[in-house]
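What follows is a short report on a single structure.
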Amino acid sequence: MQIYLDTGNVKEIREAASLGILDGVTTNPSLVSREGREFKDLLLEICQIVDGPVSAEVVSVEAEAMVKEGRALAKLHPNIVVKCPLIPEGLKATKQLASEGIRVNVTLCFTPTQALLAAKAGAWCVSPFIGRLDDVSSHGMGLIRQILTIFRQYQFSTQVLVASVRHPQHVVEAALAGGHICTMPFSVFQQLVKHPLTDIGLKKFLADWEAHHMSNPAEIQSV
Ligand code: E4P
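Going by our numbering, the first residue of the sequence shown is number 583, and it counts up by one from there.
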């Protein structure tokens, strides 16, 4: 499963990318406006940090205007994936952009039928928002499983990008379900690596090593 960061914050992206395991980034208009920066400059900086897909969302709501925006965004950098909302006009725009070879992430997906339509329109990926479904007492992960089953059944190449992730258990379940990509806030990304027993164990190992005045393995001469 590919791991993306769901943010427009370059400091967070740099830090996650430094681990060498970051596959891409998703942004949305809310995340971008939080940064208070020119959209184009921000996208270009993100594309320089991450060697992978970077989703950039259109803000028009009519197909023709979405296509125009999408073309302009895609021209900025080869890593850009155009994000279109899952509304009828968004599907029209997706169909057009996909026919031009532009990768589209169809976003704001909340039902299996919406996902099916996005796949039929030629979406590169579809983004079901699981956290927002859980928030309204629906079952976000159930939606992921339904979409994956449908896509497998008809061999759609559209990938399932698990979005609106709130905690590490969402990531575990996305991976168990076979989600292709999981995008998450930086705070969740940080939690993925953490376990108190790892920290306690490491502290003890190092303390035992120190207590016996062992040498640093880096100083051990090779034979
Ligand atoms: C996906 O690409 C969206 O940016 C995102 O996951 C939205 O998540 P939220 O529900 O935490 O805003």
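For each residue, glycine too, the CB sits at the ideal point set by N, CA and C.
- Secondary-structure assignment with DSSP links Lys-665 through a beta bridge to Glu-639 and Asn-687.
- Taking the Cβ of Gly-722 as the reference point, every heavy atom of the ligand E4P lies at 7 angstroms or farther away.
- Ile-726 and Glu-594 have their alpha carbons spaced roughly 27 angstroms apart.
- The continuous beta strand (DSSP E) containing Ile-585 extends over residues 584-588.
- The three-state reading of DSSP puts Gln-630 in helix, counting H, G and I together.
- Taking C-beta atoms as the reference points, Ala-680 and Gly-713 fail to come closer than 8 angstroms.
- Beta-bridge analysis with DSSP links Gly-606 to Tyr-586.
- Setting aside the 5 residues that flank it on each side, Met-723 is surrounded in the same chain by Ile-712, Glu-755 and Ala-759, each with a C-beta closer than 7 angstroms to its C-beta; the list follows chain order.
- When Cβ pairs closer than 8 angstroms are counted between the two stretches, the segment 768-787 is seen not to touch the segment 605-612, the count staying below three.
- Annotation for Arg-714 indicates a beta carbon within 7 angstroms of some heavy atom of the ligand E4P.
- By the CB criterion at 8 angstroms, Val-718 and Val-747 fall outside the cutoff.
- Rounded to the nearest whole angstrom, the C-alpha separation of His-752 and Asp-588 is 14 angstroms.
- Within the model, the alpha-carbon separation for Ala-645 versus Pro-670 is close to 8 angstroms.
- By the criterion of a C-beta distance shorter than 6 angstroms, Ala-599 is surrounded in its chain by Ile-631 and Val-632, once the five residues flanking it on both sides are discounted.
- In the three-state reduction of the DSSP assignment, Ala-703 falls in the coil class, being assigned neither a helical nor a strand state.
- Beta bridge pairing from DSSP links Met-796 with no other residue.
- Under DSSP, Pro-710 forms a beta bridge with Cys-691.
- By a beta-carbon distance limit of 8 angstroms, Glu-651 does not contact Thr-689. Their separation comes to about 14 angstroms.
- Taking the Cα positions, Leu-655 is about 7 angstroms away from Val-664.
- Between the ligand E4P and the CB of Leu-658, the shortest heavy atom gap is not smaller than 7 angstroms.
- By the neighbour-count criterion, in which a residue is buried when 16 or more other Cβ atoms sit within 10 angstroms of its Cβ, Ala-675 is buried.
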